[in-house]
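Asker: First the structure, which I've put down as structure tokens, then a few questions once you've had a look.
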Amino acid sequence: MYLNFEEIKKFKGLDDTPLEDEIAVNKLKLTKAGCLSDYWIIKSRPWIIVLKKITIPSIKTSKPRIREIGNIKKFSSFYRKILNHGYVYAMITLLNLKLKTKKMPEENTNLIVDSTFKQIRKNQTAFVIWRIENMHLVPLPKDQYGTFYEGDSYLLYVASEAGKSIEPLAKAHDVKGRLEIHIHFWLGTKTSKDESTIAAYKCVELDTYLGGAPVQHREVQGKESARFRGYFKKGIRVLKGGVASGLHHVVNTFEPRLFCVKGRRSPNVTQMPSISWEYFNSGNVFILDTKDVTFVWIGRHSNNIERLHAARVRITPIAQDIRDEHHGVSLIFVDDGKETELTDAEKTLFGLYLNPKLRHGLKIESDDVSNEENEINNNDLKLYKCSEEGGTYKIFEMKTGKLLRSDLNSDNSYIVDKYGTTIWIWVGKNASKKERIEAIRNAHGFIKKKNYPSHIPVSRVVEGGEPTEFKCLFVSWQNHDHNNTFNNIHTGKNKTIPAKLDTETLHNIPKIASETQLVDDGCGKLSIWRVKHSELTEIPYFMYGRFYTGTCYLIHYKYTYLGKEFHILYSWTGSHSSKTEQTSLMLHVMAKDESLNHKGMLVYLNEGGETAHFLSIFHGRMIIFVEEHKDNIPTRFLLHVTGSRQYNTKAKQVPIKASYLDSGSVFILRCSEKLCYVWCGKGSTGDEREMAKNIANKLTKEDFIVVYEGQQRSDFWTHIGGFTDYKSSKDRTHNEAPLLRLFHCSNVYGTFKIEEVTNFCQMDLVSEDVMLLDATYTLYVWIGEQSNKEEKRRAYDLAMEYLRTDPSEKDLKTPVIVIKEGFEPPTFIGYFEFWNYNVCTKRKSFVEIRNELEKQNPILQVELKNMNGIYDFDDCKKFPLEKLLVKNPEKLPQGVDPRHKEVHLTRENFKNLFGMDYSSFNELAQWKKDNLKKSVGLF
Numbered sequence: 041m042y043l044n045f046e047e048i049k050k051f052k053g054l055d056d057t058p059l060e061d062e063i064a065v066n067k068l069k070l071t072k073a074g075c076l077s078d079y080w081i082i083k084s085r086p087w088i089i090v091l092k093k094i095t096i097p098s099i100k101t102s103k104p105r106i107r108e109i110g111n112i113k114k115f116s117s118f119y120r121k122i123l124n125h126g127y128v129y130a131m132i133t134l135l136n137l138k139l140k141t142k143k144m145p146e147e148n149t150n151l152i153v154d155s156t157f158k159q160i161r162k163n164q165t166a167f168v169i170w171r172i173e174n175m176h177l178v179p180l181p182k183d184q185y186g187t188f189y190e191g192d193s194y195l196l197y198v199a200s201e202a203g204k205s206i207e208p209l210a211k212a213h214d215v216k217g218r219l220e221i222h223i224h225f226w227l228g229t230k231t232s233k234d235e236s237t238i239a240a241y242k243c244v245e246l247d248t249y250l251g252g253a254p255v256q257h258r259e260v261q262g263k264e265s266a267r268f269r270g271y272f273k274k275g276i277r278v279l280k281g282g283v284a285s286g287l288h289h290v291v292n293t294f295e296p297r298l299f300c301v302k303g304r305r306s307p308n309v310t311q312m313p314s315i316s317w318e319y320f321n322s323g324n325v326f327i328l329d330t331k332d333v334t335f336v337w338i339g340r341h342s343n344n345i346e347r348l349h350a351a352r353v354r355i356t357p358i359a360q361d362i363r364d365e366h367h368g369v370s371l372i373f374v375d376d377g378k379e380t381e382l383t384d385a386e387k388t389l390f391g392l393y394l395n396p397k398l399r400h401g402l403k404i405e406s407d408d409v410s411n412e413e414n415e416i417n418n419n420d421l422k423l424y425k426c427s428e429e430g431g432t433y434k435i436f437e438m439k440t441g442k443l444l445r446s447d448l449n450s451d452n453s454y455i456v457d458k459y460g461t462t463i464w465i466w467v468g469k470n471a472s473k474k475e476r477i478e479a480i481r482n483a484h485g486f487i488k489k490k491n492y493p494s495h496i497p498v499s500r501v502v503e504g505g506e507p508t509e510f511k512c513l514f515v516s517w518q519n520h521d522h523n524n525t526f527n528n529i530h531t532g533k534n535k536t537i538p539a540k541l542d543t544e545t546l547h548n549i550p551k552i553a554s555e556t557q558l559v560d561d562g563c564g565k566l567s568i569w570r571v572k573h574s575e576l577t578e579i580p581y582f583m584y585g586r587f588y589t590g591t592c593y594l595i596h597y598k599y600t601y602l603g604k605e606f607h608i609l610y611s612w613t614g615s616h617s618s619k620t621e622q623t624s625l626m627l628h629v630m631a632k633d634e635s636l637n638h639k640g641m642l643v644y645l646n647e648g649g650e651t652a653h654f655l656s657i658f659h660g661r662m663i664i665f666v667e668e669h670k671d672n673i674p675t676r677f678l679l680h681v682t683g684s685r686q687y688n689t690k691a692k693q694v695p696i697k698a699s700y701l702d703s704g705s706v707f708i709l710r711c712s713e714k715l716c717y718v719w720c721g722k723g724s725t726g727d728e729r730e731m732a733k734n735i736a737n738k739l740t741k742e743d744f745i746v747v748y749e750g751q752q753r754s755d756f757w758t759h760i761g762g763f764t765d766y767k768s769s770k771d772r773t774h775n776e777a778p779l780l781r782l783f784h785c786s787n788v789y790g791t792f793k794i795e796e797v798t799n800f801c802q803m804d805l806v807s808e809d810v811m812l813l814d815a816t817y818t819l820y821v822w823i824g825e826q827s828n829k830e831e832k833r834r835a836y837d838l839a840m841e842y843l844r845t846d847p848s849e850k851d852l853k854t855p856v857i858v859i860k861e862g863f864e865p866p867t868f869i870g871y872f873e874f875w876n877y878n879v880c881t882k883r884k885s886f887v888e889i890r891n892e893l894e895k896q897n898p899i900l901q902v903e904l905k906n907m908n909g910i911y912d913f914d915d916c917k918k919f920p921l922e923k924l925l926v927k928n929p930e931k932l933p934q935g936v937d938p939r940h941k942e943v944h945l946t947r948e949n950f951k952n953l954f955g956m957d958y959s960s961f962n963e964l965a966q967w968k969k970d971n972l973k974k975s976v977g978l979f
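Using this note's numbering, the letters of the sequence shown correspond one by one to residues 41 to 979.
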């Protein structure tokens with residue numbers, strides 16, 4: 041905790057008596073001649089250490105060794121680092137004080153906590169931002185959230201209900217369950233070392249105050265984590281300056297500014313150092329703010345999202361806000377390479393700041409991912425174990441590639457290196473307090489040792505509080521069974537599913553639809569075809585629900601709700617089908633979708649990965665035969681039945697041998713058309729037995745025989761080939777609620793890129809691109825209405841590539857569901873906290889919105905505006921006379937209008953040159969002004 045001298049005096053034992061004049065530091069005797077400045081204290085339980093900061097003019101090197109005083113054995117390296125940033129700090133006194141503090145957990149009983157932290161309610165959601173000002177935390181006004189200064193450091197506290205998102209301006213509310221807490225400290229590229237150190241220290245202090253459970257994140261300007269960017273849906277604005285300009289940015293004189301707009305979802309708007317072509321590139325959008333007019337320059341290679349940011353809902357407010365801050369009159373769009381096609385007035389004003397003749401071959405810059413990062417992403421995940429032996433912190437590489445939850449031990453801490461682009465530190469619940477507190481600092485040392493860029497995002501997690509993006513780096517973090525996972529209901533704890541799951545209920549309450557993965561009751565109209573010699577052959581009705589592993593099928597399901605027809609196209613691929621048939625099936629699905637005007641939902645299923653709704657349309661009677669397709673079912677077979685409801689039951693053929701039986705399941709043994717057994721294992725449930733009987737009813741013309749394990753008749757063993765030992769598994773798998781992850785996909789530069797979107801909502805679905813929603817047991821591919829043909833064509837391939845490469849080793853049988861913007865099913869909508877059904881109808885194209893904005897612009901009279909007032913004369917950039925006497929327009933300083941060089945003179949130079957002030961000069965007739973300019977060489 042840092043206090044100034046006046047605050048220090050409030051502590052018992054300190055008064056106005058002079059402090060020591062001489063201090064021992066590195067065996068040097070320093071006196072007041074060393075420029076005594078301010079005082080600080082650090083609380084190091086149970087001692088208060090008082091320090092004073094002194095400048096040593098003659099010493100530029102050594103790090104001081106703090107003299108041991110009293111019972112303080114040593115400073116930790118963390119404190120040493122805080123105390124040595126451009127100054128030498130010397131300990132001058134030591135106080136043993138008993139301070140009264142608020143009762144906290146045992147570990148924090150004697151902790152001095154920043155007073156601002158005590159305002160945090162530990163059972164409430166919150167979103168708070170502080171800025172470091174004069175080494176103290178100062179709350180940032182809510183209307184400044186999302187705006188940062190490059191010279192500052194910030195601390196963010198984000199608390200939400202576990203697994204739910206929170207908006208920066210959301211109202212706080214009490215939470216009965218567990219809070220998910222994230223603490224971020226954000227460092228501007230030009231922040232001071234002192235401020236960045238305080239930000240890191242305050243992050244640790246807040247974490248300790250909250251019991252050490254929050255997730256800590258280190259963020260650097262321009263390289264923020266996906267989670268950090270996800271908080272600010274309208275984008276992040278980074279301005280020049282620091283605390284001073286941040287506190288007093290409203291001034292009487294206006295300074296023109298240049299901003300770079302960068303981002304595919306929410307824009308990052310960064311103020312450039314100056315107005316110059318050197319900061320431009322054709323891959324982004326730039327905003328030139330000239331007070332009266334705001335120019336939006338559209339790079340020819342900028343992606344469509346950035347253009348829409350500049351003309352539509354998300355970025356237009358930024359461009360308009362920049363304009364409206366000083367009551368600008370126009371918002372003008374400028375196309376890359378077409379600067380000379382502006383109107384004369386627009387061209388004149390634009391040329392005052394950016395002379396089109398001075399722009400030369402602008403580079404094409406990727407919007408957010410460098411080639412270096414793409415190369416790094418090809419590497420495997422790496423896991424390192426951290427330990428401290430003999431006071432030395434050491435890191436050992438444990439493994440590369442596939443990571444398992446069992447690799448992490450509660451007694452230790454670990455570093456997970458995610459391709460060299462993100463560093464995670466995991467701290468076990470039994471690890472030392474020091475490991476938890478110093479985790480971020482140790483990770484920073486790891487980054488230096490690896491020669492990684494210093495801006496890499498770093499996050500620390502504590503066992504039991506891991507966020508989704510960390511869990512998904514590991515294989516089967518949930519330890520769920522991959523068998524029979526796609527047709528279960530994922531309701532979580534204390535949730536009940538209504539007994540009646542009809543179409544109206546599922547559409548009116550999308551949350552239930554997403555939990556059950558049902559869109560209706562399965563009673564719609566059904567048509568089924570199989571692929572035969574690359575063509576579709578319709579299946580007769582009596583064969584519905586019977587599938588063969590050597591064949592591929594196309595199923596068209598149609599249902600009606602509120603007078604509107606909905607279409608689902610299922611493709612089912614048998615495990616033994618040929619590649620030729622699989623390719624033909626994909627082509628037939630596309631053709632069928634085209635015949636439906638691309639309004640259908642496409643569901644790609646592999647044998648064993650059937651969804652709940654797919655099973656429901658066969659009313660719990662789906663059977664999979666392990667052979668090539670036949671027009672009639674076999675005479676003899678043994679079926680393994682799994683499931684307890686119509687939406688999760690299916691039967692698959694297994695060899696007719698007793699060894700394939702299982703005490704935890706139900707089996708159907710069909711011996712002939714008139715003889716059928718239903719064998720019930722001891723571990724099977726009543727519901728499972730009833731579903732097996734439902735299937736058996738359709739397989740025999742006579743009554744079937746129910747036999748129970750341990751009570752079998754001898755003829756049963758005869759028909760199955762004799763008794764042998766078999767499995768006796770009674771364990772039941774209960775799948776946990778899915779981990780939800782949203783990814784933004786684009787091929788703007790000819791190659792597909794995937795970026796995760798955290799804290800997602802409906803507005804993150806970008807109409808111009810493709811999105812992936814990973815719901816653990818199902819993978820949705822959302823196709824934006826304005827996405828390009830290549831993205832639409834490769835949607836399924838993109839999903840399969842994701843399944844193959846995801847670190848958590850996704851099951852390749854995971855159902856892939858392709859949906860289109862405007863036709864989202866309730867099973868998809870239910871994964872979003874809020875959903876506006878009218879968003880799609882309100883969307884406008886970039887061209888439409890640009891035209892609307894341009895029509896709102898008044899007629900621009902730049903010639904008059906620039907030439908008839910002292911106030912406007914002062915707004916023009918000033919240059920020495922010798923630089924304005926250059927005859928070649930291309931060699932004039934950037935931003936100088938060759939026709940009006942005089943406005944770039946200072947007041948003093950103007951009066952000395954023309955013998956009058958600019959106001960008097962401007963009242964002259966034009967021919968007189970031209971003659972005067974010729975006489976001094978400025979015409």
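The beta carbon of each residue, even a glycine, is placed where N, CA and C say it ideally should be. None of the values given here were measured: they were computed from a predicted structure.
Can you name the residues that DSSP bridges to Val806?
Answerer: Mapped onto the sequence shown, residue 806 falls at position 766. In DSSP, Val806 forms no bridge with anything.
Asker: Roughly how many angstroms lie between the CA atoms of Phe874 and Val858, to the nearest whole one?
Answerer: Mapped onto the sequence shown, residue 874 falls at position 834. Mapped onto the sequence shown, residue 858 falls at position 818. Their backbone Cα atoms lie some 21 Å apart in a straight line.
Asker: Quick one, are the C-beta atoms of Asp809 and His784 less than 8 Å apart?
Answerer: As a working note, residue 809 is residue 769 in the sequence shown. As a working note, residue 784 is residue 744 in the sequence shown. Yes, the Cβ-Cβ distance between Asp809 and His784 is below 8 Å.
Asker: How close, in whole Å, do the beta carbons of Pro898 and Ser370 come, if the pair is a contact with beta carbons under 8 Å?
Answerer: The residue labelled residue 898 in the question sits at position 858 within the sequence shown. The residue labelled residue 370 in the question sits at position 330 within the sequence shown. Their Cβ separation, rounded to whole angstroms, is 7 Å, which keeps Pro898 and Ser370 in contact under 8 Å.
Asker: Nearest CA to the CA of Ile172: which residue from Lys931, Glu235 and Leu558?
Answerer: Numbered from its first residue, the sequence shown carries residue 172 at position 132. Checked all of Lys931, Glu235 and Leu558; the closest Cα to Ile172 is Glu235.
Asker: Can you round the beta-carbon distance between Ser786 and Ser703 to whole angstroms, since I take them to be within the 8 Å contact cut?
Answerer: In the sequence shown, the residue the question calls residue 786 occupies position 746. In the sequence shown, the residue the question calls residue 703 occupies position 663. Actually they do not touch by this definition, with Cβ atoms about 51 Å apart.
Asker: Hey, quick one: how far does the beta strand (DSSP E) through Leu642 stretch, first residue to last?
Answerer: Mapped onto the sequence shown, residue 642 falls at position 602. Taken as a continuous stretch (DSSP letters only), the beta strand (DSSP E) holding Leu642 covers Met641 to Asn646.
Asker: Apart from the five residues just before and just after Cys711, which ones in its own chain have a Cβ nearer than 8 Å to its Cβ?
Answerer: For the purposes of this step, residue 711 is taken as the residue at position 671 of the sequence shown. For Cys711, where only same-chain residues beyond five positions count, the Cβ hits under 8 Å are Arg676, Tyr717 and His759.
Asker: Would you mind working out which of Arg399, Gln686 and Ile608 sits nearest Glu634, comparing C-alpha positions?
Answerer: In the sequence shown, counting from the first residue as 1, residue 634 sits at position 594. Nearest option by C-alpha distance: Ile608.
Asker: I need the DSSP call for Glu963, collapsed to helix, strand or coil.
Answerer: Translated into the one-based positions of the sequence shown, residue 963 becomes position 923. The answer is coil: DSSP assigns Glu963 none of H, G, I, E or B.
Asker: Closest to His400 by C-alpha separation, out of Glu749, Glu942, Glu379 and Asp384, would be which residue?
Answerer: On the sequence shown, position 360 is the one that residue 400 refers to. Comparing Cα positions, the closest option is Glu379.
Asker: What residue from Lys302, Thr334, Asp329 and Asn308 has the CA that sits closest to Asn321's CA?
Answerer: Indexing the sequence shown from 1 puts residue 321 at position 281. Minimum Cα distance to Asn321 is reached at Lys302.
Asker: Give the DSSP bridge partners of Tyr820, in chain order.
Answerer: Translated into the one-based positions of the sequence shown, residue 820 becomes position 780. For Tyr820, which the question treats as bridged, DSSP gives the partners Leu813 and Ile857.
Asker: Which residue's Cα is closest to the Cα of Arg269: Thr946, Leu392, Tyr185 and Ile889?
Answerer: Residue mapping note: residue 269 aligns to position 229 of the sequence shown, counting from 1. Selected option, being the one with the closest Cα: Tyr185.
Asker: Report all residues from its chain with a CB closer than 7 Å to the CB of Met811; omit the five preceding and five following residues, and keep chain order.
Answerer: Within the sequence shown, the letter at position 771 stands for residue 811. Here the set comprises Leu782, Phe783, His784, Cys785, Leu805 and Trp822.
Asker: Tell me which same chain residues have a C-beta within less than 6 Å of the C-beta of Trp612, skipping the five on either side of it?
Answerer: Position 572 of the sequence shown, counted from the start, is the residue given in the question as residue 612. The residues are Tyr593 and Leu645.
Asker: Thinking Lys941 and Leu978 are a contact (beta carbons under 8 Å), I'd like their distance in whole angstroms, please.
Answerer: If you number the sequence shown from 1, residue 941 lands on position 901. If you number the sequence shown from 1, residue 978 lands on position 938. 5 Å between Cβ atoms; contact.
Asker: Using the rule of at least 16 other Cβ atoms within 10 Å of the residue's Cβ for burial, across every protein chain shown, is Ser615 buried or exposed?
Answerer: Translated into the one-based positions of the sequence shown, residue 615 becomes position 575. Its Cβ having fewer than 16 others within 10 Å, Ser615 is exposed.
Asker: Rounded to the nearest angstrom, how far is the Cβ of Phe654 from that of Tyr601, given a contact under 8 Å?
Answerer: The sequence position of residue 654 within the sequence shown is 614, counting from 1. The sequence position of residue 601 within the sequence shown is 561, counting from 1. Incorrect: roughly 18 Å between the Cβ atoms, too far for contact.
Asker: Could you tell me which residues DSSP puts in a beta bridge with Asn308?
Answerer: Counting from one through the sequence shown, the residue named residue 308 turns up at place 268. Paired residue(s): Ile276 and Lys302.
Asker: Which residue's Cα is closest to the Cα of Pro933: Pro296, Lys397, Lys242 and Glu259?
Answerer: Locating residue 933 in the sequence shown gives position 893, where the first residue counts as 1. It is Lys397 whose Cα lies nearest to the Cα of Pro933.
Asker: Can you list, in chain order, the residues of its chain whose CB lies under 7 Å from that of Arg297, leaving out five sequence neighbours each side?
Answerer: The residue you call residue 297 lines up with position 257 of the sequence shown. Gln311 and Asp329, listed in sequence order.
Asker: Would you identify the three-state DSSP class for Tyr42, choosing helix, strand or coil?
Answerer: On the sequence shown, residue 42 is found 2 positions in, with the first residue counted as 1. Residue placement at Tyr42 cannot be trusted, given a pLDDT of 39 that sits under 50; the coordinates are not used to answer.
Asker: Name, in chain order, the residues that DSSP records as bridge partners for His784.
Answerer: The residue given as residue 784 occupies position 744 in the sequence shown. Looking at the DSSP assignment, His784 forms a beta bridge with Glu795 and Met811.
Asker: On the three-pair Cβ rule with 8 Å, is the segment 217-227 touching the segment 251-266?
Answerer: Taking 8 Å as the limit for Cβ pairs, the verdict is that the segment 251-266 does touch the segment 217-227.
Asker: With three or more beta-carbon pairs closer than 8 Å as the criterion, would you say the segment 262-279 touches the segment 490-509?
Answerer: Cβ pair count under 8 Å is three or more, so yes.
Asker: Val244 lies in the alpha helix (DSSP H); which residues open and close that run?
Answerer: Numbered from 1 along the sequence shown, position 204 holds the residue referred to as residue 244. Residues Lys233 to Tyr249.
Asker: Throw me the rounded Cβ distance for the Leu558 and Ala652 pair, which I believe falls under 8 Å.
Answerer: Along the sequence shown, read from residue 1 onward, the residue named residue 558 stands at position 518. Along the sequence shown, read from residue 1 onward, the residue named residue 652 stands at position 612. Right, the Cβ-Cβ distance comes to about 6 Å (below 8 Å), so this counts as a contact.
Asker: What do you get for Phe436, buried or exposed, if any count of 16 or more other CB atoms within 10 angstroms of its CB means buried?
Answerer: Residue 436 sits at position 396 when you count from the first residue of the sequence shown. Phe436 comes out exposed.
Asker: Compute the Euclidean distance between the alpha carbons of Ile416 and Thr462, then round it to the nearest angstrom.
Answerer: One-based indexing of the sequence shown puts residue 416 at position 376. One-based indexing of the sequence shown puts residue 462 at position 422. Residue placement at Ile416 cannot be trusted, given a pLDDT of 35 that sits under 50; what the coordinates show is reported in the next sentence. Rounded to the nearest angstrom, the two C-alpha atoms are 11 Å apart.
Asker: Are the CB atoms of Ser200 and Thr248 nearer to each other than 8 Å?
Answerer: Your numbering for residue 200 matches position 160 in the sequence shown. Your numbering for residue 248 matches position 208 in the sequence shown. No, they are not a contact pair.
Asker: Using the Cα positions of Arg161 and Ala240, report the straight-line distance between them to the nearest angstrom.
Answerer: Locating residue 161 in the sequence shown gives position 121, where the first residue counts as 1. Locating residue 240 in the sequence shown gives position 200, where the first residue counts as 1. Roughly 22 Å between the two C-alpha positions.
Asker: Using CA atoms only, rank isn't needed, just tell me which of Lys280, Gln622 and Tyr584 is closest to Thr229.
Answerer: Against the sequence shown, residue 229 aligns to sequence position 189. For the residues Lys280, Gln622 and Tyr584, the minimum Cα distance to Thr229 belongs to Lys280.
Asker: Mapping DSSP to helix, strand and coil, what is Asn971?
Answerer: As a working mapping, residue 971 is identified with position 931 in the sequence shown. It is helical.
Asker: Within 10 angstroms of its Cβ, does Pro580 collect 16 or more other Cβ (buried), or is it exposed?
Answerer: Taking the sequence shown and counting its residues from 1, one reaches residue 580 at position 540. By the 10 Å Cβ count, Pro580 comes out exposed.
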